[in-house]
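Q: Pasting in a structure now, in structure tokens, and then I'll have a few things to ask.
Number of protein chains: 2
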Amino acid sequence: MSGHAESSAGGSPSLATMHFRRVGIVGVGLIGGSFALALKTVKAVDTVIGFGRTRANLDIARKMGVIDEIATDWDEITGCDLVLLAVPVGQLPEVMPKIGPRIGAQAVVTDAGSTKRDVVAYARAAFGEALPRFVPAHPIAGAEKSGAGAARPNLFNGRPVVITPIPETDAFAFKRVRAVWQLTGAKTVRMDVALHDTALAATSHLPHVLAFAMMNEIAQRPEGEAMLSLTGGGFRDFTRIAASNPEMWRDICLANRDTLCTEIDAFSARLALLRTFIAAGDGASLEREFAAARAAREALTVLSR
Amino acid sequence: MSGHAESSAGGSPSLATMHFRRVGIVGVGLIGGSFALALKTVKAVDTVIGFGRTRANLDIARKMGVIDEIATDWDEITGCDLVLLAVPVGQLPEVMPKIGPRIGAQAVVTDAGSTKRDVVAYARAAFGEALPRFVPAHPIAGAEKSGAGAARPNLFNGRPVVITPIPETDAFAFKRVRAVWQLTGAKTVRMDVALHDTALAATSHLPHVLAFAMMNEIAQRPEGEAMLSLTGGGFRDFTRIAASNPEMWRDICLANRDTLCTEIDAFSARLALLRTFIAAGDGASLEREFAAARAAREALTVLSR
């Protein structure tokens, strides 16, 4: 069940020789564009072909050298030996049925969706015979900017990319997709689909929901402005993610709905426990909890060095 | 009820001419020491006398020029025309009865406690005739370091200092203490005692409790380490305050117990509302809440420029 970190060196004998003739990028935004640039930088691809709805964005991507060609038809998927799905997760139910029947017999497919249980469900419904060659992935590399114009070859450098193979996944396709992500400079982490969604709910989706709730709870009071005038760096750090894109976070919360609700409940129970200690004046229990939290937070700092 | 921000220029005609013969600093740590240094920098004081339990710390303070003399007896309070209480709030019930009867007839007293309702209650019990000349204050200026060795003259520069006069407070004492804090470079904010404690519970104490709860909820799971390996800058910012001092936050949470519990309940209700939207797949309501939160957070960023 637990995550398994893999070094980007050594584990994949095919890394140095890995090469793709045509890579299809479906959704040439920050993630899709950066993926293409990273593979081009290490000369792992001859031609990158971009699929997308917004012509202006694709034109920018071609002008920047992020992609070499703009696809005019879904049939062009068939000629690709590697396909990355990098559209927002909400578009996958519409996009995957277009891709599924057109995946080449030798091609491998990966994605960049920030939830995996729903993506796997869409793939099972849409990919048919190609399902074993779909290797779900989630690169944990965000940035404030979006669109092809924000793409850069080093976006994934040193960042975790979670790869969540399913029982149907072909072992060779898994290794090949893992090697591709390692070529982008990412640190791949193999993880169970359910654990991925739980981990992301707990460490990303829930903190966002808490930060959104915190801002609203304060801002909507008559004294809100006076209260906020007293805040310093601690509050600013804590609420920084409340400035995130509302549409994107609406979609993420809904895509991971059940798991997120479970995490909200677990968190609420722990908060209720701390409240009990505070209300009872139980300083010893409070200090024990706070000290454990500090130790965990300090270990995280060490981990990230 | 709302906070009233006061500019440090203009409001106090006595600023330029304000001068103290002897300033007593009770608790010469980061806050007390920086207060002394700030007043020395603007030559508003002849002699600073330090009161404290730890001789080594007082020796450092004297060597650094933070204080000029080390008090050997509580009676030395009587000779001071300004006294700052800067010991941890937990020590005030013990310290205030020593100070109260010894406050000089013309002296003004202020403090630096991070909760005010309890400090006011201690003062009412201990200060007797001097109560009108006690002006409660809370400088919102922390730092990672503590002790006299960490003191610096610009600690309060541009930082908010909340001043919470009570009905008993003498108007002249209020103005004098406000001017002293402005001399340190701080932006003074006059606020009702209850609103101060609510504001701090909502914007400081609650976020700390949430961050502590978040770290423990994740770290104590078998998969905790794998989950934390996926975290990025957002999580790190959100949980940074979980590395705060456990004893200090135990004391703060207990000192502001009732108000903090009220804030935990209000926050929990708002979180439950968001959970309802998520569970029901109510994207429109979620997006509305998230957008309001983002607007509030962005306004805060503008405010702080």
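Line by line, the protein sequences give chains A and B.
Taking our numbering as reference, the numbering of the first sequence is continuous, increasing by one, and the terminal residue is 1791.
Taking our numbering as reference, the numbering of the second sequence is continuous, increasing by one, and the terminal residue is 1791.
In this text, a Cβ means the ideal position worked out from N, Cα and C, and glycines have one as well.
For clarity, every value in this text was computed on a predicted model and none was experimentally measured.
(1) To the nearest angstrom, how far is it from the Cα of L1714 of chain B to the Cα of P1583 of chain A?
(2) With burial defined as no fewer than 16 other Cβ atoms inside 10 Å of the residue's Cβ, what is the status of A1557 of chain A: buried or exposed?
(3) Buried or exposed for M1487 of chain B, going by 16 or more other Cβ atoms inside 10 Å?
(4) What's the C-alpha gap between R1791 of chain A and P1579 of chain B?
(5) Would you decide whether Q1668 of chain A is buried or exposed? Buried here means 16 or more other CB atoms lie within 10 Å of its CB.
(6) Check whether the region 1593-1608 of chain A and the region 1620-1638 of chain A are in contact - that is, three or more C-beta pairs closer than 8 Å.
(7) Residues of chain B with CB under 9 Å from I1626 of chain A, in chain order?
(8) With DSSP as the reference, label I1626 of chain A as helix, strand or coil.
(9) Using the beta-carbon of each residue, which ones in chain B are nearer than 7 Å to V1679 of chain A?
(10) Should G1644 of chain B be flagged as near chain A, meaning a C-beta pair shorter than 8 Å?
(11) List the residues of chain B that N1702 of chain A touches, going by C-beta distances under 8 Å, in chain order.
(12) I think V1569 of chain A touches I1585 of chain A, with their Cβ atoms under 8 Å apart; what is that distance to the nearest whole Å?
(13) Starting from V1575 of chain A, trace the alpha helix (DSSP H) both ways and give me its first and last residue.
(14) Looking at R1780 of chain A and S1730 of chain B, is the spacing between their C-beta atoms short of 8 Å?
(15) What residues in the region 1553-1581 of chain B have a beta carbon less than 7 Å from any beta carbon of chain A?
(16) How would you write the range of the alpha helix (DSSP H) that G1526 of chain B sits in, first residue to last?
(17) How would you list, in chain order, the residues of chain A whose beta-carbon sits under 7 Å from the beta-carbon of W1735 of chain B?
(18) Can you check which of these residues, A:G1628, A:A1598, A:V1581 and A:A1770, is closest to A1611 of chain A by C-alpha distance?
(19) Report the option in A:I1626, A:S1632 and A:G1710 whose CA atom is closest to the CA atom of A1547 of chain A.
(20) Which of helix, strand or coil does DSSP assign to T1748 of chain B?
(21) Between A1616 of chain A and the rest of its own chain, which residues show a CB-CB distance below 8 Å, the 5 nearest in sequence each way excluded?
(22) What whole-angstrom Cβ distance do V1534 of chain A and V1509 of chain A have, given they're in contact under 8 Å?
(23) Where do the N-terminal and C-terminal ends of the alpha helix (DSSP H) with V1605 of chain A fall, by residue?
(24) Give the single residue among B:P1625, B:R1662 and B:A1636 whose Cα lies nearest to the Cα of T1503 of chain B.
(25) Between which two residues does the alpha helix (DSSP H) harbouring T1684 of chain A extend?
(26) Touching or not, the region 1735-1744 of chain B and the region 1768-1775 of chain A, by the rule of three or more beta carbon pairs under 8 Å?
(27) Whole-angstrom Cβ separation of A1524 of chain B and P1639 of chain B, contact assumed at under 8 Å?
(28) Are the region 1698-1708 of chain A and the region 1686-1694 of chain B in contact at 8 Å, needing three or more beta carbon pairs?
(29) Could you check where the alpha helix (DSSP H) with F1506 of chain B kicks off and where it finishes?
(30) Compare the Cα-Cα distances from V1512 of chain A to each of A:G1718, A:C1747, A:T1540 and A:T1717 and report the closest residue.
(31) Kindly indicate the opening and closing residues of the beta strand (DSSP E) around R1676 of chain B.
(32) List, in chain order, every chain B residue whose beta-carbon is nearer than 7 Å to that of T1725 of chain A.
(33) When the cut-off is 8 Å and only beta carbons count, does I1764 of chain A lie next to chain B?
(34) Give the range of the beta strand (DSSP E) segment to which G1536 of chain B is assigned.
(35) Going straight from the alpha carbon of K1673 of chain B to that of V1666 of chain B, what length do you get?
(36) In chain B, which residues lie less than 9 Å from V1675 of chain A when you measure between Cβ atoms?
A: With the structure as the only source:
(1) Counting from 1 along the second sequence, the entry for residue 1714 of chain B is found at position 228. Counting from 1 along the first sequence, the entry for residue 1583 of chain A is found at position 97. The straight-line gap from Cα to Cα measures roughly 34 Å.
(2) Numbered from its first residue, the first sequence carries residue 1557 of chain A at position 71. Its Cβ being crowded by 16 or more others within 10 Å, A1557 of chain A is buried.
(3) Within the second sequence, the letter at position 1 stands for residue 1487 of chain B. Any answer about M1487 of chain B is weak, because its pLDDT of 41 lies below 50 and its placement is not dependable; what the coordinates show is given next. Label assigned to M1487 of chain B: exposed.
(4) By 1-based counting over the first sequence, the position of residue 1791 of chain A is 305. By 1-based counting over the second sequence, the position of residue 1579 of chain B is 93. The predicted position of R1791 of chain A is uncertain, since its pLDDT is 46 and thus under 50; no value can be drawn from it.
(5) By one-based count along the first sequence, residue 1668 of chain A stands at place 182. So Q1668 of chain A counts as buried.
(6) Under the three-pair Cβ rule at 8 Å, the region 1593-1608 of chain A counts as touching the region 1620-1638 of chain A.
(7) Walking along the first sequence from the start, residue 1626 of chain A turns up at place 140. Near I1626 of chain A (Cβ distances below 9 Å), the residues of chain B are L1716, T1717 and G1718.
(8) Start at 1 with the first residue of the first sequence, and residue 1626 of chain A comes out as number 140. Coil at I1626 of chain A, not helix or strand.
(9) Translated into positions along the first sequence, residue 1679 of chain A becomes position 193. None at all; the shortest Cβ gap to chain B is about 13 Å.
(10) Numbered from 1 along the second sequence, position 158 holds the residue referred to as residue 1644 of chain B. Taking a beta-carbon distance threshold of 8 Å, G1644 of chain B does not count as an interface residue toward chain A.
(11) For the purposes of this step, residue 1702 of chain A is identified with residue 216 of the first sequence, where counting begins at 1. Those are R1756, E1775, A1778, A1779 and A1782, listed as they occur along chain B.
(12) Here residue 1569 of chain A refers to the residue found at position 83 when the first sequence is read from its first residue. Here residue 1585 of chain A refers to the residue found at position 99 when the first sequence is read from its first residue. That pair is a contact at about 7 Å.
(13) As a working mapping, residue 1575 of chain A is identified with position 89 in the first sequence. No alpha helix (DSSP H) holds V1575 of chain A; DSSP gives it neither H nor E.
(14) The residue labelled residue 1730 of chain B in the question sits at position 244 within the second sequence. The residue labelled residue 1780 of chain A in the question sits at position 294 within the first sequence. One thing to note: S1730 of chain B has its Cβ within 8 Å of the Cβ of R1780 of chain A.
(15) Residues: none.
(16) In the second sequence, residue 1526 of chain B corresponds to position 40, counting from 1. In the sequence on display, residue 1526 of chain B carries Lys and not Gly. In the DSSP annotation of this structure, the continuous segment of the alpha helix (DSSP H) that includes K1526 of chain B starts and ends at L1516 to T1527.
(17) As a working mapping, residue 1735 of chain B is identified with position 249 in the second sequence. Correct list: F1776.
(18) Sequence index remark: in the first sequence, residue 1611 of chain A carries index 125 (1-based). Its Cα nearest to that of A1611 of chain A, the residue A:V1581 stands out among A:G1628, A:A1598, A:V1581 and A:A1770.
(19) Position 61 of the first sequence holds residue 1547 of chain A. If you compare the alpha carbons of A:I1626, A:S1632 and A:G1710 with that of A1547 of chain A, the shortest gap goes to A:S1632.
(20) As a position in the second sequence, residue 1748 of chain B is number 262, starting the count at 1. T1748 of chain B falls in the helix class under three-state DSSP.
(21) The residue you call residue 1616 of chain A lines up with position 130 of the first sequence. Non-local C-beta neighbours of A1616 of chain A in its own chain, meaning closer than 8 Å and more than five positions away in sequence, comprise G1586, I1589, A1593 and V1595, ordered along the chain.
(22) Taking the first sequence and counting its residues from 1, the one referred to as residue 1534 of chain A is at position 48. Taking the first sequence and counting its residues from 1, the one referred to as residue 1509 of chain A is at position 23. Contact flag correct, Cβ pair sits at about 5 Å.
(23) Within the first sequence, numbered from 1, the residue matching residue 1605 of chain A stands at position 119. Per DSSP, the unbroken alpha helix (DSSP H) holding V1605 of chain A starts and ends at R1603 to A1612.
(24) Numbered from 1 along the second sequence, position 17 holds the residue referred to as residue 1503 of chain B. The option with the nearest alpha carbon to T1503 of chain B is B:R1662.
(25) Sequence index remark: in the first sequence, residue 1684 of chain A carries index 198 (1-based). Start and end: V1679 to L1686.
(26) By the criterion of at least three beta-carbon pairs nearer than 8 Å, the region 1735-1744 of chain B is in contact with the region 1768-1775 of chain A.
(27) The residue labelled residue 1524 of chain B in the question sits at position 38 within the second sequence. The residue labelled residue 1639 of chain B in the question sits at position 153 within the second sequence. Indeed, because the Cβ distance is near 5 Å, the residues count as touching under 8 Å.
(28) The region 1698-1708 of chain A, when compared against the region 1686-1694 of chain B, does touch it at the 8 Å Cβ threshold.
(29) Numbered from its first residue, the second sequence carries residue 1506 of chain B at position 20. Following the DSSP letters along the chain, one finds F1506 of chain B in no alpha helix (DSSP H) but inside the beta strand (DSSP E) bounded by residues F1506 to V1512.
(30) On the first sequence, position 26 is the one that residue 1512 of chain A refers to. With distances taken between CA atoms, V1512 of chain A lies nearest to A:T1540 out of A:G1718, A:C1747, A:T1540 and A:T1717.
(31) Here residue 1676 of chain B refers to the residue found at position 190 of the second sequence. Unbroken beta strand (DSSP E) run through R1676 of chain B: K1673 to R1676.
(32) Within the first sequence, the letter at position 239 stands for residue 1725 of chain A. Within chain B, the residues placing a beta-carbon under 7 Å from that of T1725 of chain A are R1783, ordered along the chain.
(33) In the first sequence, residue 1764 of chain A corresponds to position 278, counting from 1. Yes, I1764 of chain A lies at the interface with chain B (some Cβ there is under 8 Å from its Cβ).
(34) As a working mapping, residue 1536 of chain B is identified with position 50 in the second sequence. For G1536 of chain B, the uninterrupted beta strand (DSSP E) run begins and ends at V1531 to F1537, by DSSP.
(35) Translated into the one-based positions of the second sequence, residue 1673 of chain B becomes position 187. Translated into the one-based positions of the second sequence, residue 1666 of chain B becomes position 180. The alpha-carbon atoms of K1673 of chain B and V1666 of chain B are separated by roughly 11 Å.
(36) What you label residue 1675 of chain A is simply residue 189 of the first sequence in a count that begins at 1. Correct list: A1712, S1715 and L1716.
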